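Numbering follows the numbering used here, in which position 226 of the sequence shown is assigned residue number 228; successive positions increment by one, without gaps.
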Amino acid sequence: MIKLPKPGEYIDIHTHDARSAANAFIIENLMAHEGRSPVDIPEQACSFGIHPWFLNEKNYSQLINGVNNAAGFPNLLAIGECGFDKLRGPSIELQRKAFEEQISISEAIGKPVVIHCVRAWDELLPEVKRVRPKMPWFVHGFRGNTELAEQLLSKGMYLSFWFDFVIRPEAAHILRSLPNERIFLETDSSDIDIRDIYKKVASDLNLQVDELKSIILENFRRFFKV
Ligand SMILES: [Zn+2]
């Protein structure tokens, strides 16, 4: 059984770098095209999926096979990051096909989804309406406005904020307007320290860092049903 986050730990819900800060529980994101699998890091909680930037007609089947193979490992906590990107990646049709396939895998194995979505909310929102997933989804790298955030929350999603957005002063407003029980924090592919993100967000929310840690731990347990 893999280690799960403990009280007092920071949770970095999405990172591409396993070098964790001290006292942090991380979910390492593996991308199917990289060729690494959850079996290579048996002690490490991870997510595995097809990042839309690295998908094409030629590698589609191979990458989907990768997700199917990764799905059964106990250290795999979520499918993804997967989703839509209108600035980079293949045709939106191919992105949709890959996304729908990964959502079916998530539903079949009973594990949640990490969403990557850039300028493609008009693709993501119809999907959640159509699928009515039993598994929860969280949008990683979120940097939208309050209205968009509320729309996603109303569909049952959680939000993990883009590291470079959440540390800005103007992020305080949106953080305060959202329910604490639907947020996660992440370092993604940056070398920012998760402790600095917690410190900033705790101060925006008028909380102690320890209080924020407890809230995010509760969110984690609810989201992953652990
Ligand atoms: Zn990422």
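For every residue, glycine included, the Cβ atom is placed at its ideal position computed from N, Cα and C.
None of these values were measured; they are calculated from a predicted model.
Nearest neighbour of residue i, chosen from the options [CA to CA]
{"i": "W164", "options": "L155, Q153, G158 and S191", "result": "S191"}
{"i": "G82", "options": "A100, A23, S93 and G91", "result": "A100"}
{"i": "I28", "options": "L65, I66, E36 and L78", "result": "L78"}
{"i": "E95", "options": "E109, F75, E59 and G68", "result": "E59"}
{"i": "D166", "options": "L177, I194, G158 and E183", "result": "I194"}
{"i": "K131", "options": "Q97, N147, K202 and S156", "result": "S156"}
{"i": "A204", "options": "N147, P114 and N182", "result": "N182"}
{"i": "G10", "options": "M137, L219 and L89", "result": "L219"}
{"i": "G158", "options": "D198, P135 and P171", "result": "P135"}
{"i": "G91", "options": "V69, L57, N221 and R145", "result": "L57"}
{"i": "R170", "options": "D198, E149 and I107", "result": "D198"}
Separation of residue j from residue i, as counted between CA atoms
{"i": "N71", "j": "A122", "result": "28 angstroms"}
{"i": "V168", "j": "E45", "result": "30 angstroms"}
{"i": "I43", "j": "F50", "result": "12 angstroms"}
{"i": "R223", "j": "S216", "result": "11 angstroms"}
{"i": "E30", "j": "K5", "result": "13 angstroms"}
{"i": "F186", "j": "I196", "result": "11 angstroms"}
{"i": "Y200", "j": "V211", "result": "6 angstroms"}
{"i": "A174", "j": "S63", "result": "43 angstroms"}
{"i": "K8", "j": "F75", "result": "21 angstroms"}
{"i": "I105", "j": "N25", "result": "32 angstroms"}
{"i": "S93", "j": "I111", "result": "28 angstroms"}
{"i": "L126", "j": "L154", "result": "9 angstroms"}
{"i": "N147", "j": "L209", "result": "22 angstroms"}
{"i": "V115", "j": "R98", "result": "15 angstroms"}
{"i": "F226", "j": "R184", "result": "13 angstroms"}
{"i": "I107", "j": "P40", "result": "16 angstroms"}
Beta bridge counterpart(s) of residue i as assigned by DSSP
{"i": "G158", "result": "BP columns for G158 are empty, so no partner."}
{"i": "I13", "result": "F27"}
{"i": "I81", "result": "F50 and V115"}
{"i": "V2", "result": "In the structure displayed, the chain extends from 3 to 228; residue 2 sits before or after that span and is not available."}
{"i": "M33", "result": "G51"}
8 angstroms contact criterion, which residue i and residue j should meet: CB distance rounded
{"i": "D87", "j": "W55", "result": "6 angstroms"}
{"i": "Y12", "j": "A23", "result": "7 angstroms"}
{"i": "V141", "j": "I117", "result": "5 angstroms"}
{"i": "I52", "j": "L65", "result": "5 angstroms"}
{"i": "N61", "j": "H35", "result": "6 angstroms"}
{"i": "H308", "j": "E188", "result": "Because the chain in this structure spans residues 3 to 228, residue 308 falls outside the shown range and cannot be described."}
{"i": "C48", "j": "G85", "result": "With 8 angstroms as the limit, C48 and G85 do not qualify as a contact, their Cβ atoms being about 17 angstroms apart."}
{"i": "L177", "j": "D206", "result": "5 angstroms"}
{"i": "M137", "j": "E102", "result": "Their Cβ separation, rounded to whole angstroms, is 14 angstroms, which puts M137 and E102 out of contact at 8 angstroms."}
### Residue ranges of each beta strand (DSSP E) within the segment 139–218, 3 or longer
139–144 and 160–163
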